[in-house]
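A quick write-up on the structure given underneath.
Number of protein chains: 2
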Amino acid sequence: MTTSSSSHPVVNFSEPRGFASKFKSGFKETFFPDDPFRQFEDEKGIGKVKKAAQYFVPSLQWLPHYNLGLLKYDLLAGLTITSVAIPQGISYAKLAGVPPIIGLYSSFVPPFVYAIFGTSKHLAVGTVAASSLLVAQTISSVVSSKDDPTLYLHLVFTATFITGIFQAALGFLRLGILVDFLSHSTITGFMGGTAILICLQQLKGMLGLAHFTTKTDVVSVIRAVFENRKEWKWQSAVVGVIFLCFLQFTRFVRRKRPRLFWVSAVAPMVVVVIGCLFAYFAHAEKHGIQIVGTLKKGLNPPSIQFLTFDSRYLPTVMKAGIVTGLIALAEGIAIGRSFAIIKNEQTDGSKEMMAFGLMNIVGSLTSCYLTTGPFSKTAVNFNAGCRTAMSNVVMGFCMMLTLLFLAPLFGYTPLVALSAIIMSAMLGLIDYEAAYHLFKVDKFDFLICMTAFFGVSFISMDVGLILSVGLAILRALLYVARPANCKLGKLPNSNLYRDTEQYPVATNTPGILVLQLGSPIYFANCSYIRERVLRFIEEEQAISKPKSDIVEHLLLDLTGVSTIDMTGIETLAELRRMMESKGIKMGLINPRRDVLEKLMLSKFIDLIGKESVYLSINHAVETCRFLLQKTDKQNGDSSTFYDVL
Amino acid sequence: MTTSSSSHPVVNFSEPRGFASKFKSGFKETFFPDDPFRQFEDEKGIGKVKKAAQYFVPSLQWLPHYNLGLLKYDLLAGLTITSVAIPQGISYAKLAGVPPIIGLYSSFVPPFVYAIFGTSKHLAVGTVAASSLLVAQTISSVVSSKDDPTLYLHLVFTATFITGIFQAALGFLRLGILVDFLSHSTITGFMGGTAILICLQQLKGMLGLAHFTTKTDVVSVIRAVFENRKEWKWQSAVVGVIFLCFLQFTRFVRRKRPRLFWVSAVAPMVVVVIGCLFAYFAHAEKHGIQIVGTLKKGLNPPSIQFLTFDSRYLPTVMKAGIVTGLIALAEGIAIGRSFAIIKNEQTDGSKEMMAFGLMNIVGSLTSCYLTTGPFSKTAVNFNAGCRTAMSNVVMGFCMMLTLLFLAPLFGYTPLVALSAIIMSAMLGLIDYEAAYHLFKVDKFDFLICMTAFFGVSFISMDVGLILSVGLAILRALLYVARPANCKLGKLPNSNLYRDTEQYPVATNTPGILVLQLGSPIYFANCSYIRERVLRFIEEEQAISKPKSDIVEHLLLDLTGVSTIDMTGIETLAELRRMMESKGIKMGLINPRRDVLEKLMLSKFIDLIGKESVYLSINHAVETCRFLLQKTDKQNGDSSTFYDVL
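Right, here's the structure in full:
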């Protein structure tokens, strides 16, 4: 054996690292995968302070280099997103069950905060439909927005405050890992389900209904629509359908001619203005078309005194805050990142969380409710050519002017116009193409997506979300509990060993079974791995007809085994004992550092002997063949063996 | 490029399998890893029926070949375990808060059922301490065993019935995967914590206390012992300590001289007999030593009429049944398997679950409470030389005779003798060596173990268990969320590529970065993988001083990637876009079948081109080097490049 191994590189059996160094590297990989402090290492004194300030306040990086050339672009983008912000603000506030003016407030303060702390250059801050509805759904389970609107509003502020604290804490503790568990499939299904819910809810506004259900599931909403048949107002419906057609047409134009994106960007504002004029001059209220009602002039009043931590409502408010916080983060971060990639720029997940958190904390103290980076607004901002977060500042100023001078005018907006705007936005969120793609590529992902979709539409938003995330985690655990193992064979005319099912041309070496274990070996999968390895051996014995071909060497390729735990090590030891009793010698191939260290610490390596740990499959198979040959010669029937070869 | 690739085997891009075949193989791997129906395939007609009967009733396999030679061994073993069963039965029944006679009943019926359906040859059926205490703890939260002993007993029968149904269902549905989630570390900690609790509880019996707490946590029990100081009886304590010393001495003897195992096996019976004689002749009761009290002659009465499915108690009873069922399974299956391995035999997890389930269902209908395969009794059975499950039948017959004729005699057993027996057994379960081993090899496993230990001792048994399992699952998710990726370098004088941290001699090829991704790529880890890959590239760029060495090719080795989901595929696409914008070409190496199929279905392969998917690292690096060379030649500075090489 020594003869054949001398020419080969050998396994590195150096001393295992200490606990401290292993813990440090494990901790760093878990919480600091982007190594944020790397950039400080070269700096000293003032330079270090400056770098640190820039690290925590990203605007310090770009603000010193800001110039009029950039401002030109940001000004245009800022004006454009303001025209989106006003109708969206009013609409989504209705959806959240808070007074419409709160929606306008929410586009004034938070953009300034984000511009200071955010890392994305394209994100436009604003309220979002899904989270608005979710807040309404959760909080109205304890307080009705109709019976006690003041308390309801205060609870919404409190929930926003909690969202802010939660998001900032996630960012500070670098727990972005939690957001990772909202998979793309979950989000696709959740958004689709929410869009359906919201569209159906808009039937109230479209049909001009006075009475409606507070429930949000599809069945209750449809029933409520038909039970109140007598309240249906055709005038309202006609106006609504006209608006909706107009909005959908502008979307169609944008899809056909991407350069005309501004047509669909200003369309909602056009609908609002036309609606206001129509309501003002035609006295729409008398014809059964409801309007928003009085909007007071003036900037955001402080709301810190309204935060309510009453133990009767706290659990519900906490739930609302945390769940919407997570969803808002997932949406905001994903959107910021996707636009950054297009421009080959970077966003920083942890800093984004901090920025969102601060934005919502400050917002909750200044009469705003939950804000994040909505897709529609961000896309408009990007298309309008924004260069930096300054476009948010521009929007903030515009909103300030609106609040100071124009707010009362928007009080004439007909509710049906808002419903048409929301419906049109929601129709764009039902991504059936993505769902079909999931169906084609990965059935389980499709199931996760559909669980979220139907859970949200037929049960409730949080239950749908939890079911879907639970299913995704279950799948993650299944991956781990049932890892893919395979038998390796040698490809002809090469020294490569590959899966014999994937490459049917790959051939076995008689008497030697090479298995690839493809995942961490540990408690959740070790009894599976044991069963599976035994079955591989039985199958192998069953097909090997000449007696000389019976498996005498079992080689486990550990290249894909990234880690192992105590139960896993015991399983290996158990397997070795079983093999020994069958007269089979077991060898390991290429254990990775973590695995090798644990195998050494637990004395498993001493048990099987260092000579049974190989660095490459080739070397292992060669060595085993050499051993087989020797035994065969001793048994005097080496000729049959060579015939097979 | 074609020149260099012609000599290499190529990636198999054959059509992806259909959904049905993939689903079938995935389902089989998840639920039938041992492929139970393989053996029927060759049989026909009667043979098939016979095989099937033997499959479902394993005793049909060995019973036809049973002979007197085997019976000799099983008779001896059966008699020995009966001597263990009587004291254990009475003691653990006290622990479970049910009348002592129930403990004797529980060693009569279940052994027969197990002998018919069980697959282990060494397992001895009986009650266990941990599950007894857990049942008592759970059920006494709704009904006190003192205030309403009848209802309490009925609820225990019902919990046993539910345990049986649950275990049989797990076996039938092949959900042994649930048991896999009780890791070795959890069980070590749980057993240790339970042993401490039970030992402390025995202070009641040892000190002859009349009043005691119903709580089981360490703090409450110690407080109860000292609050009832006035009830302490020195006579009881002296007798108890003598018994305990005797029992511990016999254990010591067994450890020193394994052949004298029977000394410790019969020791509890000796203690009981001596205790009875002592109590009978010395009228111990008058000296402050309590005895068990009347035990009625006669076999198990039916108890089917006592099963109580009252909605007031059902949730608690369900909880008791399911949790104890899981623990009993984990203990029983693990023990059966460990002894089978020593003898190079096999047990079948699913059939064992069925057998345990049937045993508990039948038991619950015949006045028995929860039974499983306790470690102590099984070890005695094994050491006494049992050959088949017939030893359980022998024990069953002996118990029958005991119940019919001797039961009343055992009524004189002093409680202090039982306490000494339990304490001695429990001291053997505190496996501090295993805990120390965990500490040395794997700190996280140690943490999981300690969580179970302290959770059980200071909070409650179920909370301790849940915390520990939760931590273990969290770890599994972390493995998945933070997979170990590494940079590969070429080992000198070979064509092997290995982790550059593990093998510092491995060297990079300038301009080419090879990364090994070591786990499924999917939603929970894909943003980590993206960050990590980007960091690898940045680090590489930072250290590459000559301009020509800047990374131009990124090769991802997917050998260890067993599967990928939609979010993972999108991450790869995103990475590719990022690389493209940096002028880096991305290639994949050796994608496994599942992964390759999904990449093809999602058109990712079309995106990067089939020529960028390589079968081996070597081929990939060679091809990239060839490309680099070509560009360098075109740029006219190939000399510096060759210098570096």
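The listed protein sequences derive, respectively, from chains E and Y. Take any residue in the first sequence, note its place counting from 1, add 305, and you have its number in this note's numbering. Take any residue in the second sequence, note its place counting from 1, add 305, and you have its number in this note's numbering. Every residue gets a Cβ at the ideal spot worked out from N, C-alpha and C, and that includes glycine.
Considering just the uninterrupted stretch of the beta strand (DSSP E) at residue i, what are its terminal residues?
| i | result |
| --- | --- |
| ASP804 of chain Y | 802-804 |
| GLY892 of chain E | 890-894 |
| CYS791 of chain E | 791-795 |
| GLN821 of chain E | 817-821 |
| ASP862 of chain Y | 858-862 |
If you drop the 5 nearest sequence neighbours on each side, which residues of the same chain put their C-beta closer than 6 Å to that of residue i?
| i | result |
| --- | --- |
| GLY510 of chain E | LEU720, VAL721 and SER724 |
| THR756 of chain Y | LEU772, SER773 and LEU776 |
| ALA429 of chain Y | ILE386, LYS682, THR683 and ASN686 |
| LYS952 of chain Y | Within the shown structure, residues of chain Y are numbered from 306 to 950, placing residue 952 of chain Y beyond reach of any answer. |
| MET905 of chain E | PRO321 |
| TYR947 of chain Y | Caution is warranted here: a pLDDT of 41 is assigned to TYR947 of chain Y, below 50, making its placement in the model unreliable, and no coordinate value can be reported. |
| VAL949 of chain Y | A caution first: VAL949 of chain Y carries a pLDDT of 40, below 50, which makes its placement in the model unreliable, though a value can still be read off. Cβ within range, chain order: PRO815. |
| VAL493 of chain Y | Note on residue identity: the sequence assigns Thr, not Val, to residue 493 of chain Y. Hits under 6 Å: ASP736, ALA739 and CYS754. |
| PHE985 of chain E | Not covered by the structure: residue 985 of chain E. The range shown for chain E is 306 to 950. |
| PHE644 of chain Y | HIS427 and PHE687 |
| THR652 of chain E | THR424, SER425, GLY641, ARG642 and ALA645 |
Take residue i and list the residues in its own chain whose beta-carbon comes closer than 8 Å to its own, dropping the five residues that flank it on each side.
| i | result |
| --- | --- |
| ALA358 of chain E | LEU365 |
| ALA829 of chain Y | LEU782, VAL785 and ALA786 |
| SER762 of chain E | GLY498, ILE501, LEU502, ASP522, VAL523 and GLY769 |
| SER917 of chain E | LYS890, MET891, GLY892 and LEU893 |
| ILE778 of chain E | PHE486 |
Measure how close the beta-carbons of residue i and residue j come, nearest whole angstrom, since I'm counting them as under 8 Å.
| i | j | result |
| --- | --- | --- |
| LEU861 of chain Y | ILE889 of chain Y | Wrong, their Cβ atoms sit about 12 Å apart, outside the cutoff. |
| LEU743 of chain Y | MET871 of chain E | 6 Å |
| SER655 of chain E | ARG837 of chain E | Between ARG837 of chain E and SER655 of chain E the Cβ distance is about 40 Å, and since that is not below 8 Å, they are no contact. |
| CYS691 of chain Y | TYR378 of chain Y | 6 Å |
| PHE462 of chain Y | SER669 of chain Y | 5 Å |
| ILE727 of chain E | GLN507 of chain E | 5 Å |
Could you check what DSSP says for residue i in three-state terms: helix, strand or coil?
| i | result |
| --- | --- |
| PHE946 of chain E | Legend: pLDDT at PHE946 of chain E = 42, less than 50; position of this residue unreliable, value from coordinates given subsequently. Here PHE946 of chain E sits in helix by DSSP. |
| GLN472 of chain Y | helix |
| THR677 of chain E | strand |
| SER309 of chain E | For SER309 of chain E, the pLDDT reaches just 41, beneath the cut-off of 50, and the residue's location in the model is therefore unreliable, although a value from the coordinates is still provided. Of the three classes helix, strand and coil, the one that applies to SER309 of chain E here is helix, per DSSP. |
| PRO314 of chain Y | coil |
| GLY701 of chain Y | helix |
Let's see if you can read the secondary structure: which residues bound the alpha helix (DSSP H) around residue i?
| i | result |
| --- | --- |
| ASP899 of chain E | 898-906 |
| GLU845 of chain E | 831-848 |
Using 10 angstroms around the beta-carbon of residue i, count the other beta-carbons present and answer buried if the total reaches 16, otherwise exposed.
| i | result |
| --- | --- |
| ASP804 of chain E | buried |
| LEU901 of chain Y | buried |
| THR924 of chain E | This sequence places His at residue 924 of chain E; Thr is not what is there. Buried, because 16 or more other Cβ atoms sit within 10 Å of the Cβ of HIS924 of chain E. |
| ASN697 of chain Y | buried |
| GLU857 of chain Y | buried |
| PHE710 of chain E | exposed |
| PRO363 of chain Y | buried |
| GLY352 of chain E | exposed |
| THR468 of chain Y | buried |
| PRO405 of chain Y | buried |
| GLN540 of chain E | exposed |
| ASN372 of chain E | exposed |
| PHE531 of chain Y | exposed |
| ASP747 of chain E | buried |
Please confirm if residue i has its CB atom under 8 Å from at least one CB of chain B.
| i | result |
| --- | --- |
| PRO563 of chain E | This model lacks chain B altogether, as its protein chains are E and Y. |
For residue i, which residues from the same chain have a beta carbon less than 7 Å from its beta carbon, with the 5 sequence-adjacent residues on both sides left out?
| i | result |
| --- | --- |
| MET731 of chain E | ALA434, ALA500, ILE503 and CYS504 |
| ALA382 of chain Y | ASN686, ALA689, GLY690, CYS691 and SER696 |
| GLU806 of chain Y | CYS791 |
Nearer than 7 Å: is that true of the beta carbon of residue i relative to any heavy atom of the ligand MN?
| i | result |
| --- | --- |
| PRO815 of chain Y | Among the components modelled here there is no ligand, and therefore nothing to report on the ligand MN. |
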